[in-house]
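Q: Residues 7 to 472, numbered by the working numbering, are exactly what the sequence shown covers, in order.
All C-beta atoms in this analysis are idealised placements derived from N, C-alpha and C, irrespective of residue type, glycine included.
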Amino acid sequence: MDNRFINVILLGLAFMILFTAFQATGMISQSVLEGVKNETLNGTSFHGSGYISMAILYSFFALTNVFAPAIVSILGPSVSMFLGGSTYFLYVLSFIYPMTWSYYVVSILIGIGAAVLWTAQGVYLANNSDDLTISRNSGIFWALFQVSLLAGNIYVFIALKAQIIDRATRIPLFVVFSIVSAVGLLIFMFVIWRSYVEKHRHTLSRIVEEKKSTLADVIHTLKVAGALLRTRNMLLLLIPFAYSGLSNTLFQGVFATCIGHYVKYGDTRKRLIGLHGILIGCGEILGGGLFGFITKPKTASQRALMILVGCILQMVYYYSVFVNFPVDSASNETTTKPYFDFNSTTSQVITFIGSFIVGLGDSSLNTQLMNVLATRYKQTTASAFAIFKLVQSLMAAVAFFYAGSLQIQWQTLIVVLFLFFGTLAFFAVLFDETDNDLTTPLITNTIQEDENIQSTAQQTHASPIA
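Dropping the structure here:
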């Protein structure tokens, strides 16, 4: 089997196991912390908010993305993924005995770690792909990654059986999640070992040359990130980047909390958050295989069709949320009637069919987005993925900041507008046959500037007069 293909499989497995704990934690965090607020530990009460924690996380995620390409260039993608993944382990561990100050500190750490982790993931995936295999590899990675939604949320569905997640339920739940996160880190260590072995297959002289050019690569990566932001296509892609952040906040965080708050769903409604996550995962996995591996879209028209399908599926989901959930369900337990007051069974059927649909649509959009970044920005992968994560995380942070105060219908409207205009922007990029006309000269100029600086420095060093 091709070593590069094995690397992609290992990458997907590592993310799948690590995010088995984190994805489920993110979905139930607000509900878990509502239970913690009813407890008093050592005479002090907990005052943290899951929404605020995620807003802090994504804010630092955005800030660190500015420096993430440089960190990945220095450490390499495999080591960077391990260090970034370690912060996820600490975040999950903090839920066993949560304290307000430590919870927010860990939220900052995971924001920093997440930026490094995802930038390194983009570089590692691109390094192990080419134009013919990128659709397959991105689809495989996305499918394996989204399996994490199944395992973690199946456990949530089984473990949560009461209206409030109390101490006796919370501690065993997060002990298990912490162990799972540690297993994910072990796989990242194996990835580091494979990278070390592959590197030492080269000659010693080549290795020395690569080490000498590291500082120049860091400076070059930062310059290229700024250069990309001056191109037409990257500016257009900022809209779907922003939509990606808003949408993930809503259907994985806010809408999950809405399910747990909707009193109509009964005394065991908290466990239905797990079912919501399971069905999203099923949709993501099916979509990752269908849109990335089976259909293997190669032309602009084929990729545009996949994006259109994803757009329609997500529009259907957002409409179902608009008519099916009370306006105040994101912020508190509610008995308020929604626009269409279905009975409990019908409402749940609509909700969970929608959970599957939104997962399917999300995988369609994300596999094509990863495809475009990895193929059209092959020479500038680290910078392109850093820009993507910067915009995505900024918008996610904004969405979490207003999640607890803005009615769910207004939150949905914002996302729908970004979906519509993001789809149009995506089409404009796909059908632009001159996508390299601005990027290539900017990259070339940056390289020439770096070479001139290095040449001047060498001449100065060689001159005894200087």
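Give the straight-line distance between the Cα atoms of residue 195 and residue 201, rounded to the nearest whole angstrom.
A: Taking the sequence shown and counting its residues from 1, the one referred to as residue 195 is at position 189. Taking the sequence shown and counting its residues from 1, the one referred to as residue 201 is at position 195. Whole-angstrom Cα-Cα distance: 10 Å.
Q: Among the candidates 152, 431, 316 and 24, whose CA atom is the shortest distance from the CA of residue 238?
A: Counting from one through the sequence shown, the residue named residue 238 turns up at place 232. Of the candidates 152, 431, 316 and 24, the one whose C-alpha sits nearest the C-alpha of residue 238 is 431.
Q: Which of helix, strand or coil does DSSP assign to residue 337?
A: Looking up residue 337 in the sequence shown gives position 331. In this structure, residue 337 counts as coil in the three-state DSSP scheme.
Q: Which full runs of the beta strand (DSSP E) of 3+ residues lie inside the region 392-444, going along the chain?
A: Correct list: empty.
Q: What are the start and end residues of the alpha helix (DSSP H) that includes residue 28?
A: Here residue 28 is taken as the residue at index 22 of the sequence shown, counted from 1. Unbroken alpha helix (DSSP H) run through residue 28: 9-42.
Q: How would you label residue 217, buried or exposed, when you count the other beta carbons within 10 angstroms and need 16 or more for buried?
A: Locating residue 217 in the sequence shown gives position 211, where the first residue counts as 1. In this prediction, residue 217 scores a pLDDT of 41, lower than 50, which makes its location untrustworthy; no coordinate-derived value is stated.
Q: Could you check where the alpha helix (DSSP H) with residue 244 kicks off and where it finishes?
A: Walking along the sequence shown from the start, residue 244 turns up at place 238. Run containing residue 244: 238-255, per the alpha helix (DSSP H) assignment.
Q: Could you check if residue 136 is buried or exposed, using at least 16 other CB atoms within 10 Å of its CB as the buried criterion?
A: The residue given as residue 136 occupies position 130 in the sequence shown. Residue 136 should be labelled exposed.
Q: Along the chain, where does the alpha helix (DSSP H) containing residue 267 start, and where does it finish?
A: Position 261 of the sequence shown, counting from 1, holds the residue named residue 267. Note, residue 267: alpha helix (DSSP H), 261-267.
Q: Evaluate residue 290 with the Cβ neighbour count: other Cβ atoms within 10 Å of its Cβ, from every protein chain shown; 16 or more gives buried, anything less gives exposed.
A: On the sequence shown, residue 290 is found 284 positions in, with the first residue counted as 1. That one is buried.
Q: Under 8 Å between the Cβ atoms of residue 327 and residue 413?
A: On the sequence shown, position 321 is the one that residue 327 refers to. On the sequence shown, position 407 is the one that residue 413 refers to. Not a contact, by the Cβ cut-off of 8 Å.
Q: Can you tell which of 28, 169, 360 and 292 has its C-alpha closest to the C-alpha of residue 329?
A: Within the sequence shown, residue 329 is the residue found at index 323, counting from 1. Residue 360 is the option with its Cα nearest to residue 329.
Q: Which of helix, strand or coil does DSSP assign to residue 353?
A: Locating residue 353 in the sequence shown gives position 347, where the first residue counts as 1. The answer is helix: DSSP assigns residue 353 an H, G or I state.
Q: For the alpha helix (DSSP H) containing residue 205, list its first residue and its last residue.
A: Here residue 205 is taken as the residue at index 199 of the sequence shown, counted from 1. From DSSP, the alpha helix (DSSP H) with residue 205 extends over 173-205.
Q: By DSSP, does residue 51 sit in helix, in strand, or in coil?
A: As a first step, residue 51 must be located in the sequence shown, where it is residue number 45. Three-state result, residue 51: strand.
Q: Could you say if the region 369-388 and the region 278-286 meet the contact criterion of at least three C-beta pairs nearer than 8 Å?
A: Not touching, per the Cβ criterion.
Q: Identify the continuous alpha helix (DSSP H) that holds residue 151 and give its terminal residues.
A: Counted from its first residue, the sequence shown places residue 151 at position 145. That run of the alpha helix (DSSP H) goes 140-165.
Q: Can you tell me whether residue 355 is buried or exposed, with buried defined as 16 or more other CB within 10 angstroms of its CB?
A: Walking along the sequence shown from the start, residue 355 turns up at place 349. Burial call: exposed.
Q: Measuring straight from C-alpha to C-alpha, what distance separates residue 172 and residue 335?
A: As a first step, residue 172 must be located in the sequence shown, where it is residue number 166. As a first step, residue 335 must be located in the sequence shown, where it is residue number 329. Cα to Cα, residue 172 sits roughly 21 Å from residue 335.
Q: Thinking residue 489 and residue 226 are a contact (beta carbons under 8 Å), I'd like their distance in whole angstroms, please.
A: With the chain covering only 7 through 472, there is no way to say anything about residue 489.
Q: For the putative contact between residue 357 and residue 265, defined by C-beta atoms under 8 Å, what is the C-beta separation to the nearest angstrom?
A: In the sequence shown, residue 357 corresponds to position 351, counting from 1. In the sequence shown, residue 265 corresponds to position 259, counting from 1. Indeed, because the Cβ distance is near 7 Å, the residues count as touching under 8 Å.
Q: Can you list, in chain order, the residues of its chain whose CB lies under 7 Å from that of residue 215, leaving out five sequence neighbours each side?
A: Along the sequence shown, one-based indexing puts residue 215 at 209. With a pLDDT of only 40 at residue 215, under the threshold of 50, the placement of this residue in the model should not be trusted; the figure read from the coordinates follows. Excluding sequence neighbours, residue 215 sits near nothing in its chain.
Q: Kindly list the residues whose CB is nearer than 6 Å to the CB of residue 20, restricted to its own chain and excluding five residues on each side of it in sequence; keep chain order.
A: For the purposes of this step, residue 20 is taken as the residue at position 14 of the sequence shown. Closer than 6 Å at the Cβ level, and outside the excluded window around residue 20, lie 190, 193 and 194.
Q: Checking contacts by CB at 8 Å: is residue 438 closer than that to chain D?
A: You won't find chain D in this structure, because it holds only one protein chain.
Q: With a threshold of 16 other CB atoms inside 10 Å of the CB of residue 368, please say whether the residue is buried or exposed.
A: By one-based count along the sequence shown, residue 368 stands at place 362. By the 10 Å Cβ count, residue 368 comes out buried.
Q: Distance check for residue 182 and residue 236, CA to CA, integer angstroms please.
A: In the sequence shown, residue 236 corresponds to position 230, counting from 1. In the sequence shown, residue 182 corresponds to position 176, counting from 1. In a straight line, the C-alpha of residue 236 is about 46 Å away from that of residue 182.
Q: Among 256, 322, 83 and 249, which residue has its Cα nearest to the Cα of residue 423?
A: The residue labelled residue 423 in the question sits at position 417 within the sequence shown. When each option's Cα is compared against that of residue 423, the closest is 249.
Q: Could you check which residue in 177, 11 and 149 has the C-alpha nearest to that of residue 22?
A: Locating residue 22 in the sequence shown gives position 16, where the first residue counts as 1. Of the candidates 177, 11 and 149, the one whose C-alpha sits nearest the C-alpha of residue 22 is 149.
Q: If you drop the 5 nearest sequence neighbours on each side, which residues of the same chain put their C-beta closer than 6 Å to that of residue 170?
A: Counting from 1 along the sequence shown, the entry for residue 170 is found at position 164. Excluding positions up to five away in sequence, the list reads 41.
Q: Do residue 363 and residue 319 have their beta-carbon atoms positioned less than 8 Å apart in this structure?
A: Mapped onto the sequence shown, residue 319 falls at position 313. Mapped onto the sequence shown, residue 363 falls at position 357. In this structure, residue 363 lies closer than 8 Å to residue 319 by Cβ.
Q: Apart from the five residues on each side of it in sequence, which residues of its chain come closer than 6 Å, Cβ to Cβ, to residue 331?
A: Residue 331 sits at position 325 when you count from the first residue of the sequence shown. These residues qualify, in order along the chain: 264, 344 and 414.
Q: In whole angstroms, what separates the C-alpha of residue 471 from that of residue 81?
A: As a first step, residue 471 must be located in the sequence shown, where it is residue number 465. As a first step, residue 81 must be located in the sequence shown, where it is residue number 75. Reliability fails at residue 471, whose pLDDT of 40 lies under 50, so the model's placement of it is uncertain and no value is given.
Q: If residue 78 and residue 97 are in contact, beta carbons under 8 Å, what's the gap, nearest whole angstrom?
A: The sequence position of residue 78 within the sequence shown is 72, counting from 1. The sequence position of residue 97 within the sequence shown is 91, counting from 1. With a Cβ gap of about 21 Å, residue 78 and residue 97 do not count as contacting.
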